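Asks: UniProt numbering applies: residue 1 is where the sequence shown begins, and numbers increase by one. By construction, the Cβ of each residue, glycine as well, lies at the ideal position given by its N, Cα and C atoms. In this text, all values refer to a predicted model and were calculated from it rather than measured experimentally.
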Amino acid sequence: MKRVVLGVAGASGAAIAMRIGELLSSLPDVELHLVVSEAGKRTIAHELGPDALGNLAKIARHIYSANDIGATIASGSFKTAGMIVAPCSMRSLAAIATGLSDTLLTRAADVHLKERRKLILIARETPLHLGHLRNMVTVTEMGATIMPPVPAFYRRPETIADIVDHIAARAIDQLDLGQSPLAVEWDGNA
1 MKRVVLGVAG ASGAAIAMRI GELLSSLPDV ELHLVVSEAG KRTIAHELGP DALGNLAKIA
61 RHIYSANDIG ATIASGSFKT AGMIVAPCSM RSLAAIATGL SDTLLTRAAD VHLKERRKLI
121 LIARETPLHL GHLRNMVTVT EMGATIMPPV PAFYRRPETI ADIVDHIAAR AIDQLDLGQS
181 PLAVEWDGNA
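(1) Mind checking whether A109 and G21 have CB atoms under 9 Å apart?
(2) Assign G131 to buried or exposed, taking buried as 16 or more other Cβ atoms, counted over all protein chains shown, within 10 Å of its Cβ.
(3) Is the beta carbon of V35 sitting closer than 9 Å to the one on L53?
(4) Spatial neighbours of R170 within its chain, please: C-beta separation below 6 Å, excluding the five flanking residues on both sides.
(5) Which whole runs of the alpha helix (DSSP H) in the stretch 45–95 are 4 residues long or more, in chain order?
(6) E141 to Q174, Cα distance in whole Å?
(7) Compute the beta-carbon to beta-carbon distance between I16 and A86, rounded to the nearest angstrom, for a pair I have assumed lies under 8 Å.
(8) Roughly how many angstroms separate the alpha carbons of I122 and G10, rounded to a whole number?
(9) Which runs of the beta strand (DSSP E), 3 residues or longer, sit entirely within the stretch 102–180?
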């Protein structure tokens, strides 16, 4: 089994986290580990409804409290195939960029960086100020991948779900889990 950590921070974009969770849990050899920040819980309830957090928790193999700094995903000895933070708030990005491991979400991200494992950050904010950009550069230099949830309009999405599906699939493909790509590859034809 390949362990994948999904962290959900408090930025807008809860639908992306939900879809990433659904896609990862549908892969037969992936074990989903979930940690949601307190702000993430609030955003999920606001954007997806009061039952959404429970639905996300049901599809995860392991769920952790953001306060449980002693959880398995807080240790480098706990091997994973990578971590996706979706959405990644600017607060979480800043904590990850500076090594501030004050929650399990930011500690797990820090572990992925120090162990040179894949860390995908679906950074969600606009517009960006210089501090945001510098934090993005910092985590990129440390090995993370910054992946803003930018729609691929060349795919001619017809619904918000089409956009969310594409962003979620692209993020998972970044982990290179050995599965066939979830995102539809561009064939060069318009």
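Replies: Let me lay it out:
(1) Taking the sequence shown and counting its residues from 1, one reaches residue 109 at position 109. Taking the sequence shown and counting its residues from 1, one reaches residue 21 at position 21. No, they are not a contact pair.
(2) Numbered from its first residue, the sequence shown carries residue 131 at position 131. Classification for G131: exposed.
(3) Counting from one through the sequence shown, the residue named residue 35 turns up at place 35. Counting from one through the sequence shown, the residue named residue 53 turns up at place 53. For V35 and L53, no; Cβs fall outside 9 Å.
(4) Residue 170 sits at position 170 when you count from the first residue of the sequence shown. Taken in chain order, the residues that qualify are A183.
(5) 52–59
(6) The residue you call residue 141 lines up with position 141 of the sequence shown. The residue you call residue 174 lines up with position 174 of the sequence shown. Whole-angstrom Cα-Cα distance: 17 Å.
(7) Numbered from 1 along the sequence shown, position 16 holds the residue referred to as residue 16. Numbered from 1 along the sequence shown, position 86 holds the residue referred to as residue 86. Between A86 and I16 the Cβ distance is about 5 Å, and since that is below 8 Å, they are a contact.
(8) By 1-based counting over the sequence shown, the position of residue 122 is 122. By 1-based counting over the sequence shown, the position of residue 10 is 10. Going from the Cα of I122 to the Cα of G10 covers about 12 Å.
(9) 119–123
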